[in-house]
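Here is the structure we will look at, set down as structure tokens.
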Amino acid sequence: MKIAIVCYPTFGGSGVVATELGIALAKLNHEVHFITYKQPVRLNLLSPNIHFHEVTIQEYPLFHYQPYELALSSKLLGTIKKYNIDLLHVHYAIPHAYAGYMAKKMLEEEGIHIPMVTTLHGTDITLVGNHPFYKPAVTFSINNSDVVTSVSESLKEDTLRLFDITKKIKVVPNFIDSTTQKTSFTDCQRELMATENERIVTHISNFRPVKRINDVVSIFYNVQKEMPAKLLMVGDGPERLGAEQLCRKLGIKDKVIFLGNSDEIDKILCFSDLFLLPSERESFGLAALEAMVNKVPVISSNTGGIPEVNVQGFSGYLSDVGNVEEMSQNAIRILRDDVVLEKFKENAFNQALKFDINEIVPVYISLYESILEEV
Ligand code: GMT
1 MKIAIVCYPT FGGSGVVATE LGIALAKLNH EVHFITYKQP VRLNLLSPNI
51 HFHEVTIQEY PLFHYQPYEL ALSSKLLGTI KKYNIDLLHV HYAIPHAYAG
101 YMAKKMLEEE GIHIPMVTTL HGTDITLVGN HPFYKPAVTF SINNSDVVTS
151 VSESLKEDTL RLFDITKKIK VVPNFIDSTT QKTSFTDCQR ELMATENERI
201 VTHISNFRPV KRINDVVSIF YNVQKEMPAK LLMVGDGPER LGAEQLCRKL
251 GIKDKVIFLG NSDEIDKILC FSDLFLLPSE RESFGLAALE AMVNKVPVIS
301 SNTGGIPEVN VQGFSGYLSD VGNVEEMSQN AIRILRDDVV LEKFKENAFN
351 QALKFDINEI VPVYISLYES ILEEV
């Protein structure tokens, strides 16, 4: 098949999933065309089956907002025609499903039918898409997709509750490549970050308010009172500065390392002992899954789709949003004892295997095949 993928090319989980899906499809000899404004961070172009088409926008002073959707739908039109693309898969509804619909309509004028799959990822529904400014257009573009998927049962329920959806939504969970995910790093350089007797606690996100970064710092503050420990903060975003200030205020500045954005998260997770994800909302929690496949147990909130990924008392623990006290106690419970920690690490890995790429990518492929059969 020839598949066009539209996604955000930055560090967000939706872009990561879209990129990994495209790479997996290319390995299975499908021709994959990524169409986005920048090369996706995890995209290695070294494959004859992977193509990248950059959407560029001309700055024009008349425009207060540059019309990205127009540029994207024009680029889709051109690329789909030029490469005889069979199917379009857009990740994150805003504005990708809208631009995809426009491209579909323009192509129809030329007698070309291109089916569109829209994958809903989370904030496109719960945080941004639900806003009255966007809601009618988001509802329209979801209802006019040929197939709609969501990354968790929880997100499906949210979508049906928040929008007037006439389309069936199929849940296809996010996935992880457990063979290439570097659980067996031989060059795992733990000594770079901590001494032998210190536990390493890690958080990775885009540091937005929804991630409750101060809870991460507060949980770690309680942990380090009980045992020698370091906190690795990976990523960047608006809450970072406040978190740095909180670390200074709590007197733990020397125990917290802010690493900024990284595309080598497996190298960080390979020496991590515990992952913290106390988010306000999370449709899936890909970051938790990435931790688990690297044998890192997870302390998380029990919101959204996280309970579909992290299993209470097995791969980690879940608490109500904001219950820093309970999250701290559970973190200490896992970290305090070598034998307990080892058990949780094994369990986390085994739980992650349920989301292995080899289980999930075939689901997308059969979805694609069934749409194309209908054409
Ligand atoms: O977490 C974000 O703000 C980024 C967003 C994205 O675009 O990647 O994440 C959402 O999609 C991920 C991939 O499906 C999910 O793992 C995240 O849980 C989801 N984030 C939220 O629902 C807050």
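Per UniProt numbering, residue 1 is the first one in the sequence shown, and the count goes up by one each step.
Don't be surprised by glycine CBs; every beta carbon is placed ideally from N, CA and C.
Alpha-carbon spacing of residue i relative to residue j, whole angstroms
i    : j    : result
D86  : F34  : 14 angstroms
A194 : K253 : 14 angstroms
G313 : I165 : 36 angstroms
V340 : E196 : 18 angstroms
K168 : V147 : 8 angstroms
Y8   : P362 : 23 angstroms
L62  : L70  : 16 angstroms
Q66  : T123 : 22 angstroms
A103 : P95  : 12 angstroms
T56  : Y68  : 8 angstroms
A331 : E226 : 11 angstroms
V298 : N84  : 44 angstroms
D236 : L162 : 30 angstroms
E308 : D158 : 14 angstroms
L289 : Y60  : 42 angstroms
L241 : H53  : 35 angstroms
D187 : D266 : 11 angstroms
E31  : L72  : 20 angstroms
G15  : H121 : 10 angstroms
E373 : I365 : 12 angstroms
M327 : N130 : 30 angstroms
A287 : S74  : 33 angstroms
Own chain, CB closer than 8 angstroms to residue i, minus 5 neighbours either side, in chain order
i           : result
V296        : T202, L269, S272, D273, L274, F275, K345, A348
K81         : L107, E110, I112
T183        : Here T183 scores only 46 on pLDDT, less than 50, and its place in the model is too uncertain to base an answer on.
A24         : D177, I357, V361
residue 378 : Nothing about residue 378 can be reported from this structure: the residues present for the chain run from 1 to 375 only.
T126        : L155, D158, L162, R281, S283, G304
T79         : A4, H33, I35, H53, I85
Own chain partners of residue i with C-beta closer than 6 angstroms, once the 5 adjacent residues on each side are dropped
i    : result
L88  : A4, G100, I114, M116
T149 : T119, K170, V172
F220 : V201, L231
Q47  : Contrary to the premise, residue 47 reads as Ser rather than Gln in this sequence. Counting only Cβ-Cβ distances below 6 angstroms, and skipping sequence neighbours, we find A26.
K38  : P9
L43  : T19
V280 : The sequence shown places Glu at residue 280, not Val. Within the same chain, E280 has close Cβ partners V210, R212, V321.
H51  : H33
Close Cβ partners of residue i (< 7 angstroms) along its chain, the five nearest in sequence each way excluded
i    : result
S218 : V324
C247 : V217, K253, V256
Q329 : none
Collapsed DSSP secondary structure at residue i in the structure displayed
i           : result
A229        : strand
T179        : coil
A194        : coil
D356        : strand
M106        : helix
H113        : coil
S283        : coil
D201        : For clarity, residue 201 is Val in the given sequence; the question names Asp instead. Note: V201 maps to strand in three-state DSSP.
S141        : helix
S150        : strand
V32         : strand
E20         : helix
H89         : strand
F314        : coil
F258        : strand
V375        : coil
E59         : coil
E264        : coil
residue 419 : The structure shown has nothing for residue 419, since the chain only spans 1 to 375.
F349        : helix
F11         : coil
V234        : strand
E135        : Position check: residue 135 holds Lys in this sequence, whereas Glu was assumed. Looking at K135 - three-state DSSP - the assignment turns out to be helix.
Check: residue i C-beta below 8 angstroms from any heavy atom of the ligand MN
i   : result
K38 : Among the ligands modelled here, namely the ligand GMT, the ligand MN does not occur.
Residue from the options with nearest C-alpha to residue i
i    : options                : result
F355 : C7, V17, F133, H96     : V17
E282 : N174, K267, E20, A331  : N174
I204 : F133, V234, F284       : V234
P209 : P278, L21, K135        : P278
Y98  : A137, K75, G122, Y65   : A137
V151 : I332, R333, G13        : G13
K105 : L45, S141, G305, R336  : S141
E244 : D215, L335, H131       : D215
E239 : V375, G22, F258        : F258
S262 : V41, F284, L77         : V41
L353 : S370, E342, I371, N310 : N310
V6   : L21, H91, L45          : H91
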